[in-house]
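Going letter by letter, the sequence shown gives residues -10 to 339 in the working numbering.
Even for Gly, the Cβ is constructed at its ideal location relative to N, Cα and C.
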Amino acid sequence: MPGFPEGRGLLSEHMAVWFVILLSAVFSSGCISSPPESGWRLFHYAQPRMGSDFVVKFYAPDEAVARRAAAEVFERVDVLNGIFSDYEPESELSRLTGQPAGQPVKTSLELFSILQRGQMLARETDGAFDITAGPYTRLWRKSRRQKRLAVAEELQAAGRIAGHKKLQLDPNGPNVTCLVPNMRLDLGGIAKGWAADEALAVLSRHGIHRALCAASGDFAIGGPPPGRDGWPVKIPTLDQQGNLYERTYRLSDCAVSTSGDTFQFVEIGGRRYSHIVDPRTGVGLTNRIMVTVIAIKARETDCQATAISVLGMEKGMQHADNNGLAVVITPLSGEDRRVRMSREWRRRFE
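What follows is the structure, encoded as structure tokens:
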């Protein structure tokens, strides 16, 4: 599917295998098959969008209503892809970066809003999350394909056109200015979560509130299945022996994202590098951790999971506590295999 091809999210691609594991738990008929007293039934639709399976699961009164709602969901995701994609040459994002440097460009409210959130998080994390890191992510894709690190000259060239301070947003309206030529914006660390939230909003407008929308590893979760206290979601963690296993949480009216390099990585020169690139260096991460974030909106869990992965164990947890985020960080290597939980996570889930 054009727009966000498979394997594209080098800034924040969540783990496809964990996505399958989570869906197998969430969509297990044994967990959510009981219909409500009103006779509403469970419906499940999945289509390829943004480089992954975009899945919606919800209760509706009949198939006609369900089909209309699902069709509108995928239409809305297509619209967002046409705004956010850095692969589509005619997307609004691509047209923005194609304008002359220093020239303010009026954007849609959708694009302006997502850029605002990205820039805010870039400032909060001192660039650990950076939507202007497109030149670095493209360079890292090449490194992964060729299994060689970029040379200093390549990284320096990318660095001259990357950096969140080179993108200017008008505080009074939807006008955006690229301050240097040839900028490349990458919304891969937030766009899928944003789309999942929008999908849930579409269903709500159809009167459908018991629903779950999943875009890769980003879940937007509405009201619980009838007769249940939440949708069962399995989140990876470690047991006392340091072995990876899945713990089930029942979640409703929230969002969850998990980020890590368990299955997506490359070895270059005997060293393991994550698919997640550090926008401050242009190179894939080498600190092996898995980050799960639970918040109200998937647009927030998506970008925060990426940012915390880049910040690392200690600074990431400090960021989580400073911002009241429910976060669990699982170390995947090293001698210290203690799972870290933020204060908000412990308050809500332990």
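Sequence-distant residues of the same chain with beta carbon closer than 7 angstroms to residue i, five excluded per side
i, result
"L300", "T114, A117 and H308"
"I285", "C243 and A244"
"E26", "Residue placement at E26 is poorly supported in this model, since its pLDDT is 40, which falls under 50; the coordinates still yield a value, given next. Excluding sequence neighbours, E26 sits near nothing in its chain."
"F16", "Here F16 scores only 49 on pLDDT, less than 50, and its place in the model should not be relied on; the value that follows carries that caveat. The residues are H33 and K46."
"G313", "E333"
Residue closest to residue i, alpha-carbon to alpha-carbon, out of the options
i, options, result
"R326", "V282, R337, T295 and R277", "R277"
"E333", "S322, V317 and V54", "V317"
"N311", "E324, S331 and T319", "S331"
"A184", "M279, L100 and D51", "L100"
"A147", "V282, Q108 and T126", "T126"
"K181", "V45, E256 and F208", "F208"
"R335", "G216, A315, P163 and I283", "A315"
"G206", "L85, H33, H195 and S41", "S41"
"I72", "L176, Y234 and N171", "L176"
"M302", "M279, R288 and C292", "M279"
"K340", "Q135, R112 and N161", "It is not possible to answer for residue 340, since the shown part of the chain is limited to -10 through 339."
"V282", "L274, V54, S246 and L144", "S246"
"C292", "Y234, Y238, I179 and R65", "I179"
"I197", "P37, Q36, E52 and R38", "E52"
Anticipated Cβ contact below 8 angstroms, residue i with residue j, distance rounded
i, j, result
"R173", "G123", "3 angstroms"
"E187", "L98", "Not quite, the Cβ-Cβ distance comes to about 13 angstroms (not below 8 angstroms), so this is no contact."
"R137", "I210", "Rounded, the Cβ-Cβ distance is 41 angstroms, inconsistent with contact."
"V346", "R133", "Outside the modelled stretch of the chain, which goes from -10 to 339, sits residue 346, for which no answer is possible."
"S298", "S248", "5 angstroms"
"E61", "V191", "5 angstroms"
"A58", "H195", "4 angstroms"
"A204", "F43", "5 angstroms"
"A226", "R236", "This sequence places Thr at residue 226; Ala is not what is there. About 5 angstroms separates the two Cβ atoms, so the contact holds."
Proximal residues to residue i (C-beta, below 6 angstroms), its chain only, five neighbours per side dropped
i, result
"R329", "M306 and I318"
"R269", "G116"
"I150", "P124, V169, N171 and M172"
"V54", "none"
8 angstroms Cβ shell around residue i - same chain, five flanking residues per side excluded
i, result
"L156", "L104, Q108, I120, T121, V165, T166, C167, L168, M172 and L174"
Check your understanding: Considering only residues of the region 133 to 199, which uninterrupted alpha helix (DSSP H) runs meet the minimum length of 4 residues and lie entirely inside it, listed in chain order?
Key -> 141 to 150 and 180 to 194
Point to revise | Runs of alpha helix (DSSP H) lying entirely within the region 266 to 330, each at least 4 residues, in chain order | key: 287 to 300 and 302 to 311
Exercise for review: Kindly confirm or deny that the region 257 to 269 and the region 218 to 227 touch, where touching means at least three C-beta pairs closer than 8 angstroms.
Suggested key: no
Practice item. Taking only runs that begin and end inside the region 206 to 240, name each unbroken beta strand (DSSP E) of 3 or more residues, in chain order. Key: 207 to 210, 220 to 227 and 233 to 240
Check your understanding: If you scan the region 60 to 98 from start to end, which runs of the alpha helix (DSSP H) of 4 or more residues do you find wholly inside it?
Key -> 81 to 86
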